[in-house]
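**Q** Attaching a single structure in C-alpha cells format; questions to follow.
In our numbering, the protein residues as written are 37 to 363.
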C-alpha cells in the first residue's frame, strides 16, 4: 500500500513538472528559425530592377547561394548568413574580415573555385546572389537557373550608388531594410572621413597589378576598383581605357606612365611575393622609381570587388598612398 502511494505521488509530481515546463517554454516561432513570418506578412511580393531586367520575389528566400566572396560577406554583414547554403570562389579570397569570419567560414563551399552548372542546379537554392562573371554565358545562365525556381540577383556595380542600390535591394528582398540602410550610412561616413583627410593632396599615380605575362594584366577606368582608388586619393594610370573592365597593357606603356606606387592583388596564386619577384626581375618594370624604392602595396582581390568592403578598401589604400597622413 505504501509502495502504491509512493508511485502515485511520483506520478503526480512528474505530471506537475511537465505542465509547468509546457507553460514556461515559448513556442518555436519563425523568428527562432531564422525568419519572422509575422513581420514578412504584407511585405511580399517584392520587385526590383537588376541587370537590365525585373526580379520579382514572391516570398522571403530560404536557401541562398552567394557566388563570390564579396557576395557571401555582404550577406553576413546584413545578418543574413544563416540563409546561405553554399558559396563559391573561395580560392579568390584571403579570408573574411575578422568580424565576419566565424559566420562566413561556417557556410559550406558549393565550389572552392567557380561554381559549376551541376552544383548550382542541384543545390536546392531558391535565390542566387552572384558576381556577374560567375553566372553567364560560359556556364549556367540566368534563364536556365530561373527555370529551376531560383531568383537571381547579379552583383555588377560600377559606382558607389550602384552598390548602395544593390544593398538596398537585398534589404527589400529579405525584409531587412533597416539593417541595409544602417550599413550604407556607415560606409558613406567612413569613406567621407578618408576623403576629408586626403583633400588637397596630389593624387598618387597607381599601377594596379593583378598579374604579369607578356604585359601587365590590370583594370581599366570602368572597373569598380578604379573608383575605390580615386576615393582613396589615387589615380589609376590606365583609367583612360574604357573598352572593358580588365586589360593587358605592355611593360613599355607602364614605364611611360611612371606610377608612384604599385598596388598588387593578393589571392591564391601566384602569391604576392612571386608577383614582386616578377616585377623586380622584369628588365622594363625594374627601371621604375617606385620599384627601385620598393613602393608596393597589397589588397585582397575580394576587397576591390563591389560588395561590403568599400570603406575598408578606401581606408586601407589611403593609408598606403599617404603613409604620413595615416600614421
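Even for Gly, the Cβ is constructed at its ideal location relative to N, Cα and C. Note that the structure is a prediction, hence the values are computed from the model and not measured.
#1: Give the single residue among 96, 103, 194 and 245 whose Cα lies nearest to the Cα of residue 153.
#2: Helix, strand or coil: how does DSSP classify residue 165 here?
#3: Could you tell me which of 252, 313, 274 and 243 sits nearest to residue 258, measuring between CA atoms?
#4: My understanding is that residue 105 touches residue 120, with C-beta atoms under 8 Å, so please give their C-beta distance in whole angstroms.
#5: Residue 332 bridges to which residues according to DSSP?
#6: Which same chain residues end up closer than 7 Å to residue 108 when comparing Cβ atoms and leaving out the 5 residues on each side of it in sequence?
#7: Would you check if the distance between the CB atom of residue 297 and the CB atom of residue 245 is smaller than 8 Å?
#8: Quick check: the Cα distance between residue 92 and residue 303, rounded to an integer number of angstroms?
#9: Taking all protein chains shown into account, do 16 or more other C-beta atoms lie within 10 angstroms of the C-beta of residue 89, making it buried, or fewer, making it exposed?
#10: Residue 183 lies in the alpha helix (DSSP H); which residues open and close that run?
#11: Name the DSSP beta bridge partners of residue 188, please?
#12: Alpha carbon to alpha carbon, how far is residue 254 from residue 77?
#13: Leaving out five residues before and five after residue 95 in sequence, what residues of the same chain have Cβ atoms less than 7 Å from its Cβ?
#14: Could you give the DSSP three-state label for residue 352: helix, strand or coil?
#15: Touch check for the segment 222–241 and the segment 265–272: three-plus C-beta pairs under 8 Å?
#16: For residue 350 and residue 290, which I take to be in contact (beta-carbon distance under 8 Å), what is that distance rounded to the nearest angstrom?
#17: Could you pull the start and end residues of the beta strand (DSSP E) that residue 254 belongs to?
#18: Have a look at 167, 286 and 129 and flag the residue whose alpha-carbon is nearest the alpha-carbon of residue 336.
#19: DSSP beta-bridge partners for residue 244?
#20: With H, G and I counted as helix, E and B as strand and the rest as coil, what does DSSP make of residue 124?
#21: Quick one: Cα of residue 413 to Cα of residue 179, how far?
#22: Quick one: measure Cβ to Cβ for residue 321 and residue 315, integer angstroms, because I've assumed they're closer than 8 Å.
#23: Taking the alpha-carbon of residue 243 as reference, which of 294, 100, 169 and 277 has the nearest alpha-carbon?
#24: Under 8 Å Cβ to Cβ from residue 160, same chain only, skipping five residues before and after it: list those, please.
#25: Whole-angstrom Cβ separation of residue 256 and residue 284, contact assumed at under 8 Å?
#26: Inspect the beta-carbon positions of residue 223 and residue 347 and report whether they are closer than 8 Å.
#27: How long is the line joining the alpha carbons of residue 338 and residue 184, rounded to whole angstroms?
#28: Give the DSSP bridge partners of residue 270, in chain order.
#29: Is the beta carbon of residue 216 sitting closer than 8 Å to the one on residue 87?
#30: Once DSSP output is grouped into helix, strand and coil, what is the label at residue 262?
#31: Identify every residue that forms a DSSP beta bridge with residue 100.
**A** Short version:
#1: For the purposes of this step, residue 153 is taken as the residue at position 117 of the chain shown. The shortest C-alpha separation from residue 153 is found at 103.
#2: Taking the first residue of the chain shown as 1, we reach residue 165 at position 129. The answer is strand: DSSP assigns residue 165 an E or B state.
#3: On the chain shown, position 222 is the one that residue 258 refers to. Cα-wise, what sits closest to residue 258 is 274.
#4: Walking along the chain shown from the start, residue 105 turns up at place 69. Walking along the chain shown from the start, residue 120 turns up at place 84. Taking a contact as a CB-CB distance under 8 Å, the pair residue 105 and residue 120 does not count as one, their CB atoms being some 12 Å apart.
#5: Taking the chain shown and counting its residues from 1, one reaches residue 332 at position 296. In the DSSP output, where bridge partners are listed per residue, residue 332 has 298.
#6: As a position in the chain shown, residue 108 is number 72, starting the count at 1. Take residue 108, set aside five residues on each side of it, and the residues of its chain with a beta-carbon closer than 7 Å to its own are 102, 120, 123, 140 and 143, in chain order.
#7: The sequence position of residue 297 within the chain shown is 261, counting from 1. The sequence position of residue 245 within the chain shown is 209, counting from 1. It is not a contact, given that the beta carbons lie outside the stated cut-off.
#8: What you label residue 92 is simply residue 56 of the chain shown in a count that begins at 1. What you label residue 303 is simply residue 267 of the chain shown in a count that begins at 1. Distance between the alpha carbons of residue 92 and residue 303: 35 Å.
#9: What you label residue 89 is simply residue 53 of the chain shown in a count that begins at 1. With fewer than 16 Cβ atoms within 10 Å of its Cβ, residue 89 is classed as exposed.
#10: Here the question's residue 183 lines up with position 147 in the chain shown. Unbroken alpha helix (DSSP H) run through residue 183: 178–183.
#11: In the chain shown, residue 188 corresponds to position 152, counting from 1. In DSSP, residue 188 forms a bridge with 164.
#12: Counting from one through the chain shown, the residue named residue 254 turns up at place 218. Counting from one through the chain shown, the residue named residue 77 turns up at place 41. If you take the alpha carbons of residue 254 and residue 77, they lie about 47 Å apart.
#13: Locating residue 95 in the chain shown gives position 59, counting from the first residue. Cβ within range, chain order: 80.
#14: As a position in the chain shown, residue 352 is number 316, starting the count at 1. Note: residue 352 maps to helix in three-state DSSP.
#15: yes
#16: As a position in the chain shown, residue 350 is number 314, starting the count at 1. As a position in the chain shown, residue 290 is number 254, starting the count at 1. Not a contact, Cβ separation roughly 24 Å.
#17: Sequence index remark: in the chain shown, residue 254 carries index 218 (1-based). Its beta strand (DSSP E) spans residues 252–255.
#18: Here residue 336 is taken as the residue at index 300 of the chain shown, counted from 1. The option with the nearest alpha carbon to residue 336 is 129.
#19: Start at 1 with the first residue of the chain shown, and residue 244 comes out as number 208. Its beta-bridge partners are 299.
#20: Here the question's residue 124 lines up with position 88 in the chain shown. Reduced to three states, the DSSP call for residue 124 is strand.
#21: The requested residue 413 does not occur in the structure, where the chain is confined to residues 37 to 363.
#22: Residue mapping note: residue 321 aligns to position 285 of the chain shown, counting from 1. Residue mapping note: residue 315 aligns to position 279 of the chain shown, counting from 1. So it is a contact: roughly 5 Å between Cβ atoms.
#23: Counting from one through the chain shown, the residue named residue 243 turns up at place 207. For the residues 294, 100, 169 and 277, the minimum Cα distance to residue 243 belongs to 294.
#24: As a working note, residue 160 is residue 124 in the chain shown. Once the five neighbours on either side are set aside, the close Cβ partners of residue 160 are 99 and 121.
#25: Sequence index remark: in the chain shown, residue 256 carries index 220 (1-based). Sequence index remark: in the chain shown, residue 284 carries index 248 (1-based). In fact, because the Cβ distance is near 11 Å, the residues do not count as touching under 8 Å.
#26: The residue you call residue 223 lines up with position 187 of the chain shown. The residue you call residue 347 lines up with position 311 of the chain shown. Residue 347 is positioned such that its CB atom lies closer than 8 Å to that of residue 223.
#27: Along the chain shown, one-based indexing puts residue 338 at 302. Along the chain shown, one-based indexing puts residue 184 at 148. Taken atom to atom, the span from the alpha-carbon of residue 338 to that of residue 184 is near 29 Å.
#28: Here residue 270 corresponds to residue number 234 of the chain shown, with the count starting at 1. Answer is 240, bridged to residue 270.
#29: Within the chain shown, residue 216 is the residue found at index 180, counting from 1. Within the chain shown, residue 87 is the residue found at index 51, counting from 1. No, Cβ-Cβ distance for residue 216 and residue 87 is not below 8 Å.
#30: Numbered from its first residue, the chain shown carries residue 262 at position 226. Looking at residue 262 - three-state DSSP - the assignment turns out to be helix.
#31: Here the question's residue 100 lines up with position 64 in the chain shown. Note: residue 100 sits in a beta bridge opposite 120 and 163.
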